[in-house]
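Everything on this sheet refers to the single structure shown next.
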Amino acid sequence: MTSKLLAFAKWAASKGRAYEYRTFSIGLTLPEGVQEREDELRAESKIKGFETIKSEMSRIISREISRLTGKRVDKMTPELMVLLNLQDHKITLTSRPVFLYGRYTKPEGLSQRKERCPHCGGRGCEVCKETGFDLKTSVEVVLQRKLGSALESDGVRITWMGSEDAESLVHPPGRPFIAEVKNPKKRGVPKRLFARTGKGEVQISHIRTLLGKPTKLPSFKFRARAYIEPTNKISPRDLRALNLGMNRVTVEFQRPQQRPIYRTVYSVRGKLAGDEVVVDIEMDGGLPVKRFVSGEAVSPSLSEVLKTELKCRKFDIYRVSETSELEFA
Ligand SMILES: [Zn+2]
Numbered sequence: 021m022t023s024k025l026l027a028f029a030k031w032a033a034s035k036g037r038a039y040e041y042r043t044f045s046i047g048l049t050l051p052e053g054v055q056e057r058e059d060e061l062r063a064e065s066k067i068k069g070f071e072t073i074k075s076e077m078s079r080i081i082s083r084e085i086s087r088l089t090g091k092r093v094d095k096m097t098p099e100l101m102v103l104l105n106l107q108d109h110k111i112t113l114t115s116r117p118v119f120l121y122g123r124y125t126k127p128e129g130l131s132q133r134k135e136r137c138p139h140c141g142g143r144g145c146e147v148c149k150e151t152g153f154d155l156k157t158s159v160e161v162v163l164q165r166k167l168g169s170a171l172e173s174d175g176v177r178i179t180w181m182g183s184e185d186a187e188s189l190v191h192p193p194g195r196p197f198i199a200e201v202k203n204p205k206k207r208g209v210p211k212r213l214f215a216r217t218g219k220g221e222v223q224i225s226h227i228r229t230l231l232g233k234p235t236k237l238p239s240f241k242f243r244a245r246a247y248i249e250p251t252n253k254i255s256p257r258d259l260r261a262l263n264l265g266m267n268r269v270t271v272e273f274q275r276p277q278q279r280p281i282y283r284t285v286y287s288v289r290g291k292l293a294g295d296e297v298v299v300d301i302e303m304d305g306g307l308p309v310k311r312f313v314s315g316e317a318v319s320p321s322l323s324e325v326l327k328t329e330l331k332c333r334k335f336d337i338y339r340v341s342e343t344s345e346l347e348f349a
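Under the working numbering, the first residue of the sequence shown is numbered 21, with each subsequent residue one higher.
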């Protein structure tokens, strides 16, 4: 009996070599009838006291895995979970997800989130490798691919801190994100990664491992540069008034079916550039830049202050900075 368990332990230890881990736990599925024959087996394997056969078997296997690998048992938060099915002779290994923080920059023309595959409309086809998503044109796909291959994971889930348009450039140091890297074989994270896309380079930087899954994302503020097409001529005097007026202003954003949100616009610096007005805005996360320009559901807006209809052609993201910390349970 014990030699069979030791053989299982050896097998688990060798399968575990595919993973980077410091701690592990094991789970057992016993062959049918083992628990029923507990007394008999107890005598056979010299188990004493009130320990159940299952926990004794777990102990023997864990101890042997530790001896073979030098890894520690951690029942609460193991980096590797080893499931031994003694009935079907199977071992399944699953590693604890790695949560990480990073920042990305992006070129013009790349959307932040995955878009539906244009060939099949999302049903899945050869072009999209049956995923239903366009595999070329988003930051999400790039992050999943690069982080997934760096940590040899089989699935990466991204949580965003704000968003921008596909046309928007995101300049260094980039927009923060959180990634949950599922069942990773590697746990060490590179500091930086680069990815070429058909549109330009995506840089992933400031990568660091988090304690676990964040329970609260930080608040943040950011600087955006908006390129605006005015319908009427705007004078330098109008712009000076705008720059002076939009200084630490509380702005209301009315959302359908939801309570309005209030955010601060810290500063606005506009200048004329040919037929356009280029405006640098520093504002809290959560306010949509284009609506802050046009005034759609947002007040006060640039249109409102300049008393003319404005259309934001595009905006780029400059510095995104957190104003509070990530929180963990
Ligand atoms: Zn497709």
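From the three backbone atoms N, C-alpha and C, an ideal C-beta is built for every residue, glycine too.
When DSSP states are grouped into helix, strand and coil, D336 belongs to the strand group. By the CB criterion at 7 angstroms, V161 and L155 fall inside the cutoff. In this structure, G175 lies near K202, with their beta-carbon atoms less than 7 angstroms apart. Between A199 and L130, the CB-CB gap reaches or exceeds 7 angstroms. Taking 8 angstroms as the upper bound for CB-CB distance, H226 and G122 are in contact here, some 6 angstroms apart. With a threshold of 16 other beta carbon atoms within 10 Å, A38 falls short and is exposed. In the structure shown, the three-state DSSP call for N263 is helix. Here the C-alpha atom of T284 lies approximately 27 angstroms from the C-alpha atom of I178. The closest CA to that of L103, considering only T89, A32, V309, R133, is found on A32. Proximity of the region 290 to 306 to the region 257 to 277 meets the contact definition, three or more beta-carbon pairs being nearer than 8 angstroms. Here A63 is exposed. Its C-beta has fewer than 16 other C-beta atoms within 10 Å. The three-state secondary structure of P280, taken from DSSP, is coil. In terms of side-chain proximity, the C-beta atom of C137 is found nearer than 6 angstroms to a non-hydrogen atom of ligand 1.
At the C-beta level, V313 and A261 stay beyond 7 angstroms of one another.
Per DSSP, E221 is one residue of the beta strand (DSSP E) stretching across 220 to 229. By a beta-carbon distance limit of 8 angstroms, D185 does not contact R243. Their separation comes to about 16 angstroms. Annotation: the region 65 to 135 contains the following complete segments of the beta strand (DSSP E) (minimum length 3 residues), in chain order: 100 to 105, 110 to 115, 118 to 126.
Residue state for T22 is assigned as helix, using DSSP reduced to three classes.
If you look at S45, you'll find it in the beta strand (DSSP E) that goes 43 to 49. Relative to ligand 1, C332 has its C-beta separated by 6 angstroms or more from all heavy atoms.
Counting only residues of its own chain and dropping the five nearest sequence neighbours on each side, K310 has a CB closer than 6 angstroms to the CB of C332.
Here the alpha carbons of R228 and R257 stand approximately 47 angstroms from one another. Membership of G168 in the alpha helix (DSSP H) is indicated by the continuous run 159 to 170. Annotated as proximal: E342 and F240, with beta-carbon spacing under 7 angstroms. G290 and A317 have their C-alpha atoms roughly 22 angstroms apart. Counted as a single uninterrupted DSSP element, the beta strand (DSSP E) harbouring F214 occupies residues 213 to 217.
Taken through DSSP and simplified to helix, strand or coil, R289 comes out as strand. Residue range 240 to 250 is occupied by the beta strand (DSSP E) that includes R243, with no alpha helix (DSSP H) assigned at that position. In the DSSP assignment, M303 is bridged to F242, V285.
For Y41, same chain residues with a beta-carbon under 6 angstroms away, outside a window of 5 residues either side, are E99, L100 in chain order.
CA-to-CA, the gap between E52 and E58 works out to about 11 angstroms.
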